[in-house]
Structures are given as structure tokens and as C-alpha cells.
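Notes follow the structure.
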């Protein structure tokens with residue numbers, strides 16, 4: 087059983103750890119559809135989806151943790167001093183439970199004059215491959231065309247994401263994160279075609 091104190095202690099990243107997580111996030115978003123690896127000593131269960139938020143959050147960045155209860159949200163707020171915000175207003179989101187298609191469409195998209203106000207959401211998935219729905223990815227950073235078949239995303243996910251990125255340069259950037267710390271980026275510029 088994880089106590090509140092244990093959760094908070096595990097939520098604190100040292101500067102070198104934050105930098106490693108940041109670098110992994112940057113690589114994942116720069117090379118959509120490729121698999122990157124969070125530091126093995128940090129990746130542990132659904133906590134892996136919280137790591138990008140812990141590494142990037144600060145006093146002025148609203149965060150939201152989609153979970154049962156508030157254990158991780160409380161730990162993130164305490165560890166980073168970031169304000170907890172509703173999903174629609176958060177710029178950093180961690181989903182440690184399965185996300186719904188409706189939640190994807192509610193993510194903050196920023197605007198044409200301020201696309202940097204959009205959300206970056208780290209979504210816990212079962213795996214980045216082996217799912218029932220196969221996607222073809224193309225766009226900036228994708229060498230030609232890649233295929234991806236993540237497991238653990240809801241039916242309608244691709245359509246909900248397409249809606250959330252339709253107003254480019256506004257949109258949302260997503261990270262699919264497995265329990266063992268594998269990360270695949272889906273920035274707003276990536277086109278997903280479902281087979």
C-alpha cells in the first residue's frame with residue numbers, strides 16, 4: 087500500500103531526473119510514432135504517466151491528474167507547487183486511469199495567437215503496440231509513414247484527437263506512456279489515419 091507520504095516522496099524528481107524525463111518527452115514529440123524510454127529507475131506502473139508532468143510543471147502551469155481519487159494530484163501539487171486545474175484549463179495533464187474520448191475533446195487547445203497555451207497530456211496505455219486498431223502516422227518528424235497500434239485507448243480515440251487538433255496551430259500534444267516507461271509522442275501536427 088502506498089501512503090500519501092510515500093506517494094509524495096516518489097513524486098519528487100531530482101534536477102538530473104527532470105532533465106532526463108524532459109529529454110525523453112522532447113524526443114518523443116520530435117519523432118512521432120517512435121518509441122522512447124523514460125529512465126528505467128523512475129518508470130514504475132501508472133506513475134510513469136505522471137513523470138512528464140512532474141518534470142515540466144512549475145508555479146504558473148495548471149495541472150490535472152485524471153485518476154480515481156486525488157492521490158497523485160495532491161503529490162504533484164506538493165512536489166511542483168503547480169496549481170491543480172480542471173481538465174479544460176490544465177496545460178499539463180497526466181491520465182493514470184483509462185482516458186475517455188470525451189476527455190480528449192475537452193483538453194485545452196490554446197488558440198491561433200497563443201498555441202503554446204494548449205495541453206500536453208500523458209496518457210497511460212497498456213502497450214504502444216498490439217492493439218486492435220492500427221494507425222498510419224504521417225507529418226512533420228515522421229520519416230515517410232509509420233504504423234502504430236496502441237492498446238488501452240478507448241474506441242473513438244482517433245476521431246476525438248482529430249477534433250482536438252483540427253484548429254492548427256491550436257491543438258493538443260499527446261504522449262502514450264506504458265507502465266515500463268515506453269513513450270510515444272503524438273504532437274498536434276501528426277496525421278493519424280485509422281486502418
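Numbering (this note's numbering), first residue to last: 87 to 281. Just so it is clear, CB atoms sit at the ideal spot from N, CA and C, and this is done for glycine as well. It should be emphasised that the depicted structure is a prediction, and the values quoted were computed from it without experimental measurement.
{"Query": "Would DSSP call residue 247 helix, strand or coil?", "Result": "helix"}
{"Query": "Around the C-beta of residue 156, are 16 or more other C-beta atoms found within 10 angstroms, so that it is buried, or is it exposed?", "Result": "exposed"}
{"Query": "Beta-carbon within less than 6 Å of residue 191's beta-carbon, same chain only, minus the 5 sequence neighbours each way: which residues are those?", "Result": "246, 249 and 250"}
{"Query": "Nearest to residue 206 by CA position, among 280, 266, 148 and 223, is which residue?", "Result": "148"}
{"Query": "Would you give the residue range spanned by the alpha helix (DSSP H) that residue 109 belongs to?", "Result": "101-116"}
{"Query": "Taking 8 Å as the threshold, find out whether the stretch 174-186 comes into contact with the stretch 230-237 through three or more Cβ pairs.", "Result": "no"}
{"Query": "Can you tell me the Cα-Cα spacing of residue 225 and residue 274, whole angstroms?", "Result": "10 Å"}
{"Query": "How many Å lie between residue 103 and residue 281 at the Cα?", "Result": "38 Å"}
{"Query": "Need the endpoints of the beta strand (DSSP E) that residue 233 sits in, please.", "Result": "232-234"}
{"Query": "Determine the DSSP secondary structure at residue 140, reduced to helix, strand or coil.", "Result": "helix"}
{"Query": "Nearest to residue 184 by CA position, among 101, 135 and 129, is which residue?", "Result": "135"}
{"Query": "List the whole-angstrom C-beta distance separating residue 221 from residue 279, where the pair is believed to meet the contact cut-off of C-beta under 8 Å.", "Result": "7 Å"}
{"Query": "Between the C-alpha atoms of residue 173 and residue 193, what's the straight-line distance to the nearest angstrom?", "Result": "6 Å"}
{"Query": "Determine the direct distance from the alpha carbon of residue 127 to that of residue 257, and round the result to whole angstroms.", "Result": "32 Å"}
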